[in-house]
Ligand code: ARG
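Numbering (the working numbering), first residue to last: 60 to 646.
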């Protein structure tokens, strides 16, 4: 299945052929085409080629120009400066390109599918059992979800993994407590809301903690329970399962609020690798990658040292025999590489865990589990800051509950929608409020490069002006309103018409969608897509201000402009979907 060839690719092909005709030894050389302010595109590649061939760049450029076939695609090409080529494409080519996009039954908008796709495991949206979700979990979920959509759209096979924190010493305490106070979590899952599930867990956690801190005998019993858990004692596991199930009710309610599809089968938490831990340690020890040090199994690194200058090892097994976070992650790597046959492992995790991943990846490389064919990357994200520029906290200094934050975003957005709403019912205002509010939160997160910290500023996020999702959603809704008003008049291509400059600018930007998607997917950088979409909406606004659509000069021009509107809307819709953001038809 071939997708629509972008105009920039056609221009590129034309220039390459002309280049080869002018200079046969340059066959296959890249003319280095860019969008430009001076013309539609500028090609800068002749300069380097001329240098290589010891030719005069302006002369070479002039020769190339003489071989360019102008007409259908390229209207005009000129030499500029020391040997650049300025290319103007034909208005008709822009219109035909739009028509091809509108006609593509798969709606890929020019984005090709990878010829040789690989398998990428994306580790994201990984909250912790029996704990409240906070803004850090928001970032992993939002960025991870967008990267998954981007990769899948380009044809990559993606395996999603939600590496939830469901294993570890605190469970001994929780399980022991629940065992001694039975019945507290016995109910049908469907009877409990996410909020209730969380408050059940919170109550149990606090009660267990209080007993643990005040009762030495309980403490001893709790410690014994951790051992039972790791050894797989069935009764202990059954009680542990209740905590996991209760937590999942809560997680799913939050993911639902986030308008994000998380599948149960993709939740493979730390506990999922329990059976592999001993073998992981054995393999590391036998190969000499890990060594015993004061009873613990450790991996050392030349460049990882503590403040005292002593090496800080990665501890794979503690001296008491217990396994921690590193053992689980190393086992997960073996599972993902050897069983899931991944080529790429991607971890969407807070930058504060970068040292952990650096050591884990290096250990896996030394063990031969990672190498040239299989690589691992941490897509490290920065901290969410409050208005004061400090890590986001409540007034009382506590971490902010994610649910409260989302609810507030939805409330603010509903107020904005209500103010602008003309013919919306209360139910519609509520629905749009959720789509706008959640979109605003996601967009704000995705539109700065992930490794940077960003300020959580709801006023800015739901603002109608500026680089916000609402601005894009309004652009989309405005187009839909025009298309509705057009009634029976359908979009249609009229390549014979001359285009206004605002039309050309918009049409050429629509053409660049594939490039934006490819860059964002290849670099795991959704912010490259948000930047593209924001510009798309801005160019649409300019077009809308300058070029009447339904009141254009002729019926043909009306149809032609409707086509531009339609394809712009499709591109906005598809692009926003790749960010996990809805585009309501009416706002
Ligand atoms: N549950 C962890 C946390 O909340 C994140 C897990 C990240 N993924 C991993 N494979 N270690 O910090």
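From the three backbone atoms N, C-alpha and C, an ideal C-beta is built for every residue, glycine too.
query                                                                                                                                              : result
May I ask you to check if the CB of residue 325 is nearer than 7 Å to at least one heavy atom of the ligand ARG?                                   : no
The ligand ARG and residue 333: does any heavy atom of the ligand fall closer than 7 Å to the residue's C-beta?                                    : no
Hey, is residue 224 close to the ligand ARG, as in C-beta under 7 Å from one of its heavy atoms?                                                   : yes
Identify whether residue 359 lies in helix, strand or coil by the three-state DSSP scheme.                                                         : coil
Assuming residue 344 is part of the alpha helix (DSSP H), what are its boundary residues?                                                          : 336-345
Decide if residue 136 is buried, meaning its Cβ has at least 16 other Cβ atoms within 10 Å, or exposed.                                            : buried
Please classify residue 515: does DSSP put it in a helix, a strand, or coil?                                                                       : coil
Consult DSSP for residue 364 and reduce its assignment to one of helix, strand or coil.                                                            : strand
Going by C-alpha distance, which of 539, 329 and 232 is nearest residue 298?                                                                       : 232
In three-state DSSP terms, what is residue 627?                                                                                                    : helix
Starting from residue 149, trace the alpha helix (DSSP H) in both directions and tell me its first and last residue.                               : First-last for residue 149: undefined, no H or E at that position.
Does the Cβ of residue 110 have 16 or more other Cβ atoms within 10 Å, making it buried, or fewer, making it exposed?                              : exposed
Can the beta-carbon of residue 220 be found closer than 8 Å to that of residue 327?                                                                : yes
Buried or exposed, going by whether 16 or more other CB atoms sit within 10 Å of the CB of residue 194?                                            : buried
Which runs of the alpha helix (DSSP H) spanning at least 4 residues fall entirely within the stretch 267-305, listed in chain order?               : 275-290
Going by Cα to Cα distance, which pick from 95, 259, 592 and 164 is closest to residue 143?                                                        : 95
Helix or strand or just coil, what does DSSP make of residue 353?                                                                                  : coil
Find the nearest neighbour of residue 128 within the set 285, 369, 147 and 345, judged by alpha-carbon distance.                                   : 147
In chain order, what are the residue ranges of uninterrupted alpha helix (DSSP H) at least 4 long that sit wholly in the stretch 221-263?          : 229-239
Can you tell me which of 585, 428, 552 and 266 puts its alpha carbon nearest to the alpha carbon of residue 159?                                   : 552
Give me the Cα-Cα distance between residue 60 and residue 175, rounded to the nearest whole angstrom.                                              : Residue placement at residue 60 is poorly supported in this model, since its pLDDT is 47, which falls under 50; the coordinates are not used for a value here.
Can you round the beta-carbon distance between residue 204 and residue 498 to whole angstroms, since I take them to be within the 8 Å contact cut? : Their Cβ separation, rounded to whole angstroms, is 13 Å, which puts residue 204 and residue 498 out of contact at 8 Å.
At the level of alpha carbons, what is the spacing between residue 229 and residue 409?                                                            : 22 Å
What did DSSP end up calling residue 450 once you bin it into helix, strand or coil?                                                               : strand
Which complete alpha helix (DSSP H) runs does the stretch 487-547 hold, if anything under 4 residues is left out?                                  : 517-520 and 528-544
Mark residue 320 as exposed unless 16 or more other C-beta atoms lie within 10 angstroms of its C-beta, in which case mark it buried.              : exposed
Is the number of C-beta pairs between the stretch 329-346 and the stretch 370-386 that are closer than 8 Å three or more?                          : yes
Short check: CB of residue 399 to CB of residue 218, under 8 Å?                                                                                    : yes
How far does the beta strand (DSSP E) with residue 403 in it reach, from first residue to last?                                                    : 403-409
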